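*Asks:*
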Amino acid sequence: METKNYSSDSGFILLGLSSNPRLQKPLFAIFLIMYLVTVLGNVLIILAIHSDPRLHTPMYFFLSNLSFMDICFTTVTVPKMLVNLLSETKAISFLGCLVQMYFFIAFANTDSYLLASMAIDRLVAICHPFHYNRVMNPRRCLLMLLGSCTISHLHSLLRVLLMSRLSFCASHVIKHFFCDTQPVLKLSCSDTSSSQIVVMTETLAVIATPFLCILFSYLRIIVTVLRIPSAAGKWKAFSTCSSHLTVVALFYGSVIYVYFRPLSMYSVVKDRVATVMYTVVTPMLNPFIYSLRNKDMKRGLRKLRDRIHS
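Those letters in the sequence shown? Residues 1476 to 1785, by my numbering.
(1) Would you mind listing the alpha helix (DSSP H) stretches within the stretch 1656-1703 that are 4+ residues and don't spill past its ends, in chain order?
(2) My assumption, with CB atoms under 8 Å, is that residue 1779 sits in contact with residue 1522. Please give the rounded CB distance.
(3) I need the boundaries of the beta strand (DSSP E) containing residue 1789, first residue and last residue.
(4) Could you give the first and the last residue of the continuous alpha helix (DSSP H) run that contains residue 1612?
(5) With a cut-off of 8 Å, do at least 3 Cβ pairs link the stretch 1505-1520 to the stretch 1540-1551?
(6) What residues are listed by DSSP as bridge partners for residue 1567?
(7) What does the alpha-carbon distance come out to for the pair residue 1649 and residue 1566?
(8) Determine the direct distance from the alpha carbon of residue 1646 to that of residue 1777, and round the result to whole angstroms.
(9) Could you please give the first and the last residue of the uninterrupted alpha helix (DSSP H) stretch that includes residue 1644?
(10) So, residue 1561 versus residue 1502, is the Cβ gap smaller than 7 Å?
(11) When you compare only the Cα positions, how much space is there between residue 1681 and residue 1697?
(12) Throw me the rounded Cβ distance for the residue 1576 and residue 1656 pair, which I believe falls under 8 Å.
(13) Just to confirm, is the Cβ distance from residue 1628 to residue 1583 under 7 Å?
(14) For a quick check, are the C-beta atoms of residue 1764 and residue 1721 less than 7 Å apart?
(15) Using only the alpha-carbon positions, how far apart do residue 1730 and residue 1603 sit?
(16) From residue 1528 to residue 1626, what distance separates their C-alpha atoms?
(17) Who pairs with residue 1649 in a beta bridge, going by DSSP?
(18) Select from 1654, 1606, 1593 the residue whose C-alpha is nearest the C-alpha of residue 1574.
(19) With a CB to CB cut of under 6 Å and the five nearest residues on each side skipped, what residues in its chain are close to residue 1634?
(20) Using the rule of at least 16 other Cβ atoms within 10 Å of the residue's Cβ for burial, across every protein chain shown, is residue 1702 buried or exposed?
(21) Should residue 1585 and residue 1544 be called a contact, given that it needs their Cβ atoms to be closer than 7 Å?
(22) Rounded to a whole number of angstroms, what is the C-alpha to C-alpha distance between residue 1607 and residue 1750?
(23) Please confirm whether residue 1591 and residue 1685 have their CB atoms less than 7 Å apart.
(24) Going by beta-carbon coordinates alone, are residue 1668 and residue 1642 separated by less than 7 Å?
(25) Please state if the CB of residue 1755 and the CB of residue 1509 are separated by a distance shorter than 7 Å.
(26) Using a Cβ-Cβ cutoff of less than 7 Å, which residues in the same chain neighbour residue 1540 once the five nearest sequence positions on both sides are dropped?
(27) Look up residue 1823 in the DSSP assignment and say whether it is helix, strand or coil.
(28) Just to confirm, are residue 1542 and residue 1520 a CB contact at a threshold of 7 Å?
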């Protein structure tokens, strides 16, 4: 029987979160609201930071860039998902699939490295406060941002180039709401073993590096904070990290669950739920986490509100 190469012919069909016709419009309404809240919340964080000179510090420099990346991150997947929820075809071209995959991986990894940069900022602030301004100077912060973007885009390029060499003959239905690596690999009729080894090895290096950096930073922070004699001093030091730790737990918890398993253990339903957590829910919650638990951000948002109303 002749196999048909869908990768160069008709592209793919994105199955979405559910194939139940009665759920399409409710899901559209829910995810449209979540997307608008994500964009609005992160835009407010960016505007508040840039409008308040007291927030022009390394931590808020990284936070404003994290908010910008979160907007880009959700924009790569959610608008296409919203269109497909109201469409009967749900089609995406092979090139469109690769482009979506490229930017999704690039922005996701940049998020990861920015979280690591923020952990380093907290490490220096708590463990080496007298050297903070010298170590976390504007030039070094900019280099950390550029390094995060460069590594992430090179990693994404490698992944997409490997994917572009595969053939897809058995099916062209992606059981997901966007072109993620695992569900697309599931459709390939090529031998993906070598690609999987390269992807897992390289991904482990790229994703584990910022994660281990965060882990090391907080181990150092914990040791330093435990040496503080007063309970009030300990609480004050830990409170400056609580928002960042919450975001790290949400982001890495779902990422590790989805990607650090063999392809044979891939589960459509469970992985879609976990993917929604870090692609939609976490970017939406980030502005609330950082604003509700941070006095400086609350002040900056109030100042922005007063400036808009004046």
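Every residue, glycine too, gets a C-beta built ideally from N, C-alpha and C.
Given the structure is predicted, the values throughout are model-derived calculations rather than measurements.
*Replies:* A quick look at the data gives this:
(1) Look at the stretch 1656-1703 and you find these whole runs of alpha helix (DSSP H), each 4 residues long or longer: 1656-1662, 1668-1701.
(2) Sure, about 6 Å apart at Cβ, within 8 Å.
(3) Any answer about residue 1789 is impossible in this case: the structure gives the chain only from 1476 up to 1785.
(4) Taken as a continuous stretch (DSSP letters only), residue 1612 belongs to no alpha helix (DSSP H), as it is neither H nor E.
(5) Verdict: yes, contact present.
(6) Residue 1567 is bridged to 1487.
(7) Taking the Cα positions, residue 1649 is about 10 Å away from residue 1566.
(8) CA-CA distance, residue 1777 to residue 1646, rounds to 53 Å.
(9) Segment: none, residue 1644 is in no alpha helix (DSSP H) and carries neither H nor E.
(10) Result no, Cβ atoms of residue 1561 and residue 1502 do not sit closer than 7 Å.
(11) Per the coordinates, the alpha-carbon of residue 1681 lies some 25 Å from the alpha-carbon of residue 1697.
(12) Confirmed, Cβ separation roughly 7 Å.
(13) No, these two residues do not count as a Cβ contact at 7 Å.
(14) For residue 1764 and residue 1721, yes; Cβs fall inside 7 Å.
(15) Roughly 31 Å separates the two Cα atoms.
(16) Straight-line Cα distance between these residues: approximately 30 Å.
(17) Beta-bridge pairing links residue 1649 to 1489.
(18) Measuring from the Cα of residue 1574, the nearest candidate turns out to be 1654.
(19) Only 1580 meet the Cβ criterion.
(20) Taking all protein chains shown into account, residue 1702 has fewer than 16 neighbouring C-beta atoms within 10 Å of its C-beta and is therefore exposed.
(21) Yes, they are a contact pair.
(22) Cα to Cα, the separation comes out at about 36 Å.
(23) Taking 7 Å as the cut-off, the Cβ atoms of residue 1591 and residue 1685 count as close.
(24) No. Outside cutoff.
(25) The beta carbons of residue 1509 and residue 1755 sit closer together than 7 Å.
(26) Excluding sequence neighbours, residue 1540 sits near 1589, 1620.
(27) Residue coverage of the chain in this structure runs from 1476 to 1785, which leaves residue 1823 outside it and unanswerable.
(28) Residue 1520 is positioned such that its CB atom lies closer than 7 Å to that of residue 1542.
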